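Beneath this line is the structure, given in structure tokens, with notes to follow.
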Amino acid sequence: VIMTVGGPIITLSNGVQMPQVGLGTWMCSPAEAKAATKTAIETGYRLIDTAACYGNEEAIGEAIKELIQAGKVKREELFITTKLWATHFHRDDVEGATRESLRRLQLDYIDLYLAHAPACFN
1 VIMTVGGPII
11 TLSNGVQMPQ
21 VGLGTWMCSP
31 AEAKAATKTA
41 IETGYRLIDT
51 AACYGNEEAI
61 GEAIKELIQA
71 GKVKREELFI
81 TTKLWATHFH
91 RDDVEGATRE
101 SLRRLQLDYI
111 DLYLAHAPAC
121 FN
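1 is the number of the first residue of the sequence shown in the UniProt record's numbering; add one for each residue after it.
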């Protein structure tokens, strides 16, 4: 375990380093998510977790963009996680849903993309 400005990190099996502590944004309104994301990053958090179904990806993207433009953080210093909702699990839907999350987050890449609640639908 290595310590960074945002706390301890672990190295995943593919060599990517991921903070062990992050900001979760479930149940946050867009305004709350934007404010919380900015505060978290400014105080040292580097992992931000959201999901398409939370309805706050766009606000989180705005916060990240503003902080990058202000020179407070670099994109490569952040670890952004979002999730694919179960209605988009079909292979024909995954790419489009991923691109929509990228658009809302105003990012070129997502560090970790998870299947949200994969066991709840057959």
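Using N, Cα and C, we set each Cβ at its ideal position, and we do this for glycine too.
This one's a predicted model, so the numbers in the text were calculated from it and none came from an experiment.
Query: Less than 9 Å between the C-beta atoms of residue 31 and residue 51, yes or no?; Result: no
Query: Between residue 101 and the ligand SAM, is the CB less than 8 Å from at least one heavy atom?; Result: Absent from the structure shown: the ligand SAM. Ligands present: none.
Query: Looking at the structure shown, is residue 113 part of a helix, part of a strand, or coil, going by DSSP?; Result: strand
Query: In angstroms, rounded to a whole number, what distance separates the CA positions of residue 13 and residue 19?; Result: 14 Å
Query: Considering only DSSP beta bridges, list what residue 83 is partnered with.; Result: 114
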